[in-house]
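In this note's numbering, the protein residues as written are 287 to 489.
Even glycine gets a Cβ: it sits at the ideal position worked out from N, Cα and C.
Below is one structure, written out as structure tokens; the observations come after it.
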């Protein structure tokens, strides 16, 4: 995807980390805002503490710009920060939410953008969110749930992980480097190994 050609690219950062970590400064929205403040990246912060509030956030993102229906004009880039495992995400202080539930939660936004949402999972094992592609039910109208997905393949600490994502977004959305090159630079300079997949390749 050529982000440089889009009129709007909004980076929607959803803090869904546990309350204690959030209160101690573990907010990806704040850290990324500080790191990217000298750029023109339009960052929109959100907070979700459970599956219900995440659904409400996803609805608000879908309604943020009417032009999200035209992915050649506007793109909502979604970044979710929380704890995670290979089988799903921990939203706030809650038990694991499996990928199948998250798949249905994200569906309204996927549908609005014609399944062109770039997705980052800033969580331990975030790359395994690729399993969203296997949790699609009959409601899905296409054979891919998202445009791309970025995340780590192992356990990582919040601060260094967010630092790597900051490098990633700077290269992808400011320097307009390719996804592959942005991941490579983020891994080299951020010190955390990120990986990516495209929705169409997963399925």
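Exercise. Alpha carbon to alpha carbon, how far is residue 371 from residue 294?
Worked result: Our two residues, residue 371 and residue 294, have alpha carbons roughly 32 angstroms apart in a direct line.
For this session: Check the C-beta distance from residue 298 over to residue 363 and give it rounded, since I have them as a contact under 8 angstroms.
Result: About 7 angstroms; that satisfies the 8 angstroms criterion.
Exercise. Candidates 314, 354, 398: which alpha carbon is nearest residue 329's?
Worked result: It is 314 whose Cα lies nearest to the Cα of residue 329.
Exercise. Should residue 358 be labelled buried (16 or more other beta-carbon atoms within 10 Å of its own) or exposed?
Worked result: Answer is exposed; the Cβ neighbour count stays below 16.
Exercise. Three-state secondary structure (DSSP) at residue 488?
Worked result: Annotation note: pLDDT 35 at residue 488 (below 50); position unreliable, no value reported.
Problem set entry | Chain-order list of residues whose beta-carbon lies under 6 angstroms from that of residue 317 (same chain, five-residue window excluded) | Here the set comprises 448.
Exercise. With DSSP run on the structure shown, which of helix, strand or coil describes residue 401?
Worked result: Three-state result, residue 401: coil.
Exercise. Which residues in the same chain have their Cβ closer than 6 angstroms to the Cβ of residue 321, if we skip the five residues on either side of it in sequence?
Worked result: 452, listed in sequence order.
Exercise. Beta carbon of residue 313: closer than 6 angstroms to some heavy atom of the ligand PLP?
Worked result: Absent from the structure shown: the ligand PLP. Ligands present: none.
For this session: Reducing DSSP to helix, strand and coil, say where residue 347 ends up.
Result: Residue state, collapsed to three classes: helix.
Exercise. Any idea what DSSP makes of residue 237, helix, strand or coil?
Worked result: Because the chain in this structure spans residues 287 to 489, residue 237 falls outside the shown range and cannot be described.
For this session: Could you say which of 455, 416, 480, 440 lies nearest to residue 289 if we only look at CA atoms?
Result: For residue 289, the closest alpha carbon among the candidates 455, 416, 480, 440 is that of 455.
Exercise. Between 435, 443, 476, which lies nearest to residue 465 when the distance is taken from Cα to Cα?
Worked result: Ranking 435, 443, 476 by Cα distance to residue 465 puts 435 first.
Exercise. With C-beta atoms as the reference, is residue 367 less than 7 angstroms away from residue 408?
Worked result: Going by C-beta atoms, residue 367 is nearer than 7 angstroms to residue 408.
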